[in-house]
Each structure stands twice: as structure tokens, then as C-alpha cells.
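A.B. asks: Please read through the structure below; I'll follow up with questions.
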Ligand code: SF4
Ligand code: SF4
Ligand code: FES
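Residue numbers (the working numbering): 378 to 934.
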């Protein structure tokens with residue numbers, strides 16, 4: 378189709394929005410409420426252009442015959458500036474002047490806004506949750522968090538209430554997030570362009586404990602952090618920074634640096650054994666993975682009938698936390714009460730998870746990737762020039778299977794590598810399950826096992842999980858991760874969010890898997906030591922006591 382853009386006739390794809398067509402041609406259009414891959418809601422009206430003389434949003438319009446578009450007239454610029462001023466007037470003024478990080482603050486500077494004539498009309502109490510903090514005084518009602526919570530996570534924990542000046546974002550019935558079915562995934566944080574939603578930080582607690590000479594402070598890092606942390610220091614998305622990350626943690630003052638990937642290998646040992654036990658007993662199927670605490674909370678609110686299907690395994694950092702305070706404490710002759718475990722996670726839900734009473738958590742504090750980068754900056758560490766160092770060997774050797782926990786489908790792929798070899802006693806010739814890789818919302822496959830067929834599936838994003846669960850009885854084994862792309866797209870990862878970045882992080886995860894000498898969890902020499910010296914065997918009484926847990930039914934509010 379042919380349309381006119383700024384006086385020139387151009388050929389364009391009629392299935393693309395005007396916003397995409399303009400951006401493809403290198404024309405800069407400001408956007409705030411628009412989110413990649415989601416239906417345009419056209420709330421902010423910053424993407425205005427003139428269409429045949431009338432102002433219209435470009436994010437929600439498609440090309441039509443005889444369209445003439447003007448992108449940079451005085452009328453367009455003035456309208457964008459007024460809309461930006463109205464939006465920012467509800468956002469803290471000092472933030473507008475000083476902050477260069479928030480999307481909206483950058484936009485208002487780009488559209489040339491120098492002053493704000495209006496004052497905020499509302500005053501809200503800041504809500505402090507276990508994982509997430511909401512400050513409605515900063516909120517500009519763009520609706521991104523509401524849309525992500527509904528369309529990506531199918532959770533609907535927050536929505537708009539009130540009209541006109543009173544319109545505001547709130548959990549239903551004006552409850553606190555803690556009192557509704559919020560799953561703590563933090564995707565609203567990643568969506569918010571003005572920092573009105575943020576993680577509950579544990580940074581000050583960690584700084585305090587690092588100064589306490591009586592404490593032995595151990596840190597562990599989740600699989601996905603090595604593929605994303607570099608972005609906080611200007612490195613390209615997908616740069617693997619494992620060695621520098623370990624180096625930085627030592628310079629921050631941690632006594633030992635352990636690898637959550639070993640916890641992932643332990644999870645696979647227990648989960649694969651649990652699956653094989655279910656095969657011998659005839660179910661219950663499907664067995665569903667439990668390393669994502671946001672998914673667990675979602676199930677506890679919305680799917681009580683699935684309680685029997687859930688694996689009883691704790692998540693990898695929780696397994697490593699408890700092993701640090703038992704196995705490692707005993708081996709190193711340190712009293713467990715003197716050990717503090719800090720987890721660096723991609724995730725705000727892990728903050729909530731470590732407070733669950735059912736878990737008897739071994740983890741004391743959880744830092745997100747973003748908080749970790751603040752810690753490094755606090756100590757003025759020049760991250761890029763750090764040498765590469767190795768994890769402490771006591772709990773620091775892991776496999777390619779462990780690192781794959783960082784990407785959607787990775788837990789299932791790691792589990793299948795071990796299930797196959799433990800159940801058949803044969804070597805799995807092709808360890809890569811390509812049908813489980815990539816950003817697709819639901820992936821599935823079949824594997825032959827001792828003459829039978831095992832059907833498996835993986836979903837990422839809880840809206841996709843809901844779709845998969847409609848046909849759950851077709852499968853024996855299901856992996857569910859709440860965040861798009863899995864933990865590499867977690868709510869605690871470096872901002873701003875983009876699918877392109879997540880794909881690059883995913884590539885890095887698979888690259889790391891290929892590089893490692895051991896690619897199956899049951900081949901990990903430390904895993905073997907832990908069972909030989911301490912736990913006995915997977916699913917032994919001691920393993921069940923330390924590495925397994927249970928879940929509860931939760932109401933909606
Ligand atoms: S909290 Fe943030 S994402 Fe949600 S509506 Fe307000 S400004 Fe937008
Ligand atoms: S997918 Fe990963 S980052 Fe996201 S909530 Fe689950 S465990 Fe946390
Ligand atoms: S980006 Fe188009 S209306 Fe907000």
C-alpha cells in the first residue's frame with residue numbers, strides 16, 4: 378500500500394502500525410504506554426502525528442488508502458508537549474528535573490519541555506510489600522503495569538479505579554498488594570516507565586551484614602545473572618560475565634561465592650528421581666516444576682486442583698541455602714547461626730519466597746540483578762576491568778544443565794537429560810532438546826523411555842501457562858516459568874525491558890551450556906560428594922527433610 382509521509386509517497390506494509398512504519402523509516406516518535414508485543418492501549422497520546430490534518434495516535438492506527446501523515450509539524454510538537462506536561466505533572470517534579478533514567482523524564486526532555494505549570498492533584502501512601510514497593514505519587518497512569526499483569530501474567534492483581542483526576546492504579550478493592558493474588562513476579566516493575574513500582578531493596582541489610590566480622594557471609598548467584606549483569610556496566614546484552622561477577626562479589630567482601638547452578642543440579646537430581654518414582658507408581662501426572670515462586674503463588678491462588686501435581690522440590694537457591702547451612706557448615710566447622718546467605722536473583726518473587734514459613738528458608742537476603750549492580754557501584758569497583766575468577770569450589774561447581782535454568786524450557790531440558798539416563802541406564806546421545814528452546818510461549822515434545830512415550834511441555838508467561846493447563850492431561854511433565862523468556866526476562870533484571878535483549882541473554886545461556894565440561898546434573902562431582910557424604914541418595918529421608926517442601930491453598934484476598 379502507498380501512503381504519504383512528510384510529503385513523500387512511500388510503500389508500506391498494511392499489517393504494521395503507523396508507529397512501526399515510521400520507526401522503520403528512521404523517524405523518531407515518542408511513546409510511553411506502547412509495549413512491544415502487546416495490544417496498543419493509546420493512553421498517553423505522546424505518539425501523536427497528523428493524519429490528513431487531524432491529530433491521531435500512531436501506535437494504534439494502521440495505514441489506509443490516501444493517508445497523508447505529518448510527523449513533525451508545529452501542531453504535532455505542541456500537542457505532544459502539552460500531553461507530556463500533563464503526564465509529568467502527576468509525577469514528582471524533582472524527579473523530572475534530576476532523573477535521566479526514567480523513560481518519561483527522558484521523553485519530556487526530548488520534546489523540549491522546560492517547566493511544568495501544574496501540580497499533582499493527588500497524594501498517596503507508599504505501599505511497602507515483601508517484594509514490591511508501589512508509590513502512586515510517581516505514577517502517571519500510563520497503564521503499562523496493568524496491561525502486563527492482565528495480558529502477560531493473566532493475574533489481574535492491579536487495575537484502574539476512580540474517574541478523571543481520581544483515576545489511579547490499585548489492587549482490587551483498594552487492598553494492599555500483599556492482600557491480593559499478586560504473584561510478586563515484578564513484571565510491573567519492568568513495565569513501569571517512571572519507577573513508580575520498584576523492588577523492596579535488601580541492599581542496606583547486606584551492607585550491614587558485610588561489616589559484621591562475626592558473620593560468615595556467603596553469596597550465591599542465579600544462572601541468568603551471568604548473562605545480564607554486564608548490561609548494567611555498558612556491556613552488550615548477552616555478554617557472559619561469570620568470572621567478573623565472581624571477582625566483584627569477592628571485592629564486595631563476601632566470604633564465599635557459591636553458584637546457584639549447583640542448587641539447580643541438586644533440584645534436577647531430586648526432581649528427576651521424583652518423576653521416575655511417579656512413573657513407577659502411575660502418577661499423579663503431569664508432574665509440574667516448582668523452581669519459579671511466582672508460578673507457585675499463582676497456582677496457590679488459582680489452581681488448587683494442581684497441588685498434587687506439583688513437584689515437592691524447593692527452588693535451586695533455596696536448596697543451596699539449606700545445604701550451605703548444613704553440609705557446608707559441617708564441613709567447614711562453622712556454626713550455622715553464624716552463616717548469612719545472600720542470593721543474587723533475577724527475581725522479586727524470590728524475596729517473597731524466602732519469607733514463606735513452609736520453606737524454612739536457608740536464605741537470609743535476596744538481591745535482584747539491579748541491586749547487585751548498585752552494590753558493585755557502592756564499592757566503586759571498576760567492573761569492566763576486573764579479572765575473571767572462579768566460584769569457591771565447596772559449592773561452586775556446576776553443569777550445563779544447571780545454567781539452562783535461566784531460560785524458558787531449560788529446567789525441562791536439564792531434567793530430561795537426567796531422567797533419561799537414570800531411568801534407562803543408557804547414555805543420552807543428543808543432549809540438546811531444540812524443541813524446548815526459544816521465546817515461544819508454549820513448547821512441547823515427546824521422548825521415548827523404556828518403550829513408553831513421555832510427553833512434556835514448557836510455558837513462559839502465566840497467560841501462556843493458563844492456555845497450556847487447559848490441556849494439562851495430555852502431558853506427563855510440565856515446566857512453568859512466570860516471566861517471558863524465563864528468568865533471563867525476570868522482574869529484577871537490568872532495565873529497560875526488551876525482547877531483543879532477552880533473546881541475546883538466552884543465546885549466552887546456551888553458549889555457557891556448550892562450554893562446560895559436564896552437561897548433565899548427575900555428572901556433577903560436587904553433587905556426587907553431597908549425596909555420598911551427607912544426604913545418602915535423592916529422595917532419602919534427609920533429602921526430603923532438607924530439600925523438599927509443600928504448598929498451600931490461598932484465597933483471592
Ligand atoms: S505504576 Fe508505572 S506502569 Fe503502572 S500505570 Fe503507573 S506509571 Fe504506568
Ligand atoms: S521466571 Fe524466574 S525471574 Fe521470573 S518469577 Fe519465576 S523464578 Fe523469578
Ligand atoms: S504510545 Fe501511542 S498513545 Fe501511548
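By construction, the Cβ of each residue, glycine as well, lies at the ideal position given by its N, Cα and C atoms. As the structure is a computational prediction, the values presented were derived from the model and not from experiment.
I'd like to know if the segment 687-701 and the segment 730-737 are in contact, where contact means that at least 3 CB-CB pairs between them fall below 8 Å.
C.D. replies: Touching, per the Cβ criterion.
A.B. asks: In the segment 457-514, which residue ranges form an unbroken alpha helix (DSSP H) of at least 4 residues, counting only runs that do not cross its ends?
C.D. replies: Counting only runs of 4 or more, we get 470-475, 480-487.
A.B. asks: When the Cα atoms are used, what is the spatial distance from residue 492 to residue 449?
C.D. replies: If you take the alpha carbons of residue 492 and residue 449, they lie about 21 Å apart.
A.B. asks: Tell me the start and end of each unbroken alpha helix (DSSP H) in the segment 751-831 that is at least 4 residues and wholly inside, in chain order.
C.D. replies: You should have 777-780, 787-801.
A.B. asks: Unbroken beta strand (DSSP E) runs of length 3 or more, entirely within the segment 405-443: which are they?
C.D. replies: Counting only runs of 3 or more, we get 425-428, 431-434.
A.B. asks: Is residue 842 near ligand 5, going by C-beta to nearest heavy atom under 6 Å?
C.D. replies: For ligand 5, the structure offers nothing, since it holds only ligand 1, ligand 2 and ligand 3.
A.B. asks: According to DSSP, simplified to helix, strand and coil, what is residue 903?
C.D. replies: Three-state result, residue 903: helix.
A.B. asks: Is there contact here, the segment 624-632 with the segment 799-816, by at least three beta-carbon pairs under 8 Å?
C.D. replies: Verdict: no, contact absent.
A.B. asks: Residues in its own chain within less than 7 Å of residue 898 by CB, not counting five upstream and five downstream?
C.D. replies: Excluding residues within five positions, the ones whose Cβ falls inside 7 Å are 642, 645, 646, 776, 778, 779, 791, 795, 904.
A.B. asks: Using 8 Å for Cβ pairs, my map puts residue 618 next to residue 611. What's the rounded Cβ distance?
C.D. replies: The Cβ separation is near 12 Å, so there is no contact.
A.B. asks: Please enumerate, following chain order, all residues with a beta carbon closer than 5 Å to at least one heavy atom belonging to ligand 2.
C.D. replies: That query returns the following residues: 562, 669, 671, 723, 724, 726, 858, 859, 860, 864, 867.
A.B. asks: What's the C-alpha gap between residue 890 and residue 559?
C.D. replies: Roughly 33 Å between the two C-alpha positions.
A.B. asks: Using the rule of at least 16 other Cβ atoms within 10 Å of the residue's Cβ for burial, across every protein chain shown, is residue 390 buried or exposed?
C.D. replies: So residue 390 counts as exposed.
A.B. asks: Going along the chain, which residues put their C-beta within less than 7 Å of some heavy atom in ligand 3?
C.D. replies: Going by the Cβ distance cut-off, the answer is 396, 408, 409, 410, 411, 417, 419, 420, 421, 422, 423, 424, 434, 435, 436, 437.
A.B. asks: Would the beta-carbon of residue 862 be found less than 6 Å away from any heavy atom of ligand 1?
C.D. replies: No, Cβ of residue 862 sits at least 6 Å from all heavy atoms of ligand 1.
A.B. asks: Would DSSP call residue 840 helix, strand or coil?
C.D. replies: If DSSP states are grouped into helix, strand and coil, residue 840 belongs with the helices.
A.B. asks: Measuring only from the beta carbon, is residue 517 closer than 6 Å to any heavy atom that is part of ligand 1?
C.D. replies: Checking every heavy atom of ligand 1 against the Cβ of residue 517, one is found closer than 6 Å.
A.B. asks: Mind checking whether the beta-carbon of residue 574 lies closer than 6 Å to any heavy atom of ligand 1?
C.D. replies: True, at least one ligand heavy atom lies under 6 Å from that Cβ.
A.B. asks: Pairing CB atoms from the segment 751-762 with CB atoms from the segment 681-688, are three or more of them under 8 Å?
C.D. replies: No, because fewer than three Cβ pairs between the segment 751-762 and the segment 681-688 fall closer than 8 Å, the two stretches do not touch.
A.B. asks: Going by beta-carbon coordinates alone, are residue 489 and residue 600 separated by less than 7 Å?
C.D. replies: No, these two residues do not count as a Cβ contact at 7 Å.
A.B. asks: Looking at residue 520 and ligand 1, is the gap between the Cβ and the nearest heavy atom below 6 Å?
C.D. replies: For ligand 1, at least one heavy atom lies less than 6 Å from the Cβ of residue 520.
A.B. asks: Does the distance between the C-beta of residue 568 and the nearest non-hydrogen atom of ligand 1 fall short of 6 Å?
C.D. replies: At least one heavy atom of ligand 1 is nearer than 6 Å to the Cβ of residue 568, so yes.
A.B. asks: Within 8 Å, do at least three Cβ pairs link the segment 847-866 to the segment 662-681?
C.D. replies: Contact between the segment 662-681 and the segment 847-866 is present, because at least three Cβ pairs lie under 8 Å.
A.B. asks: Any idea what DSSP makes of residue 835, helix, strand or coil?
C.D. replies: Three-state result, residue 835: strand.
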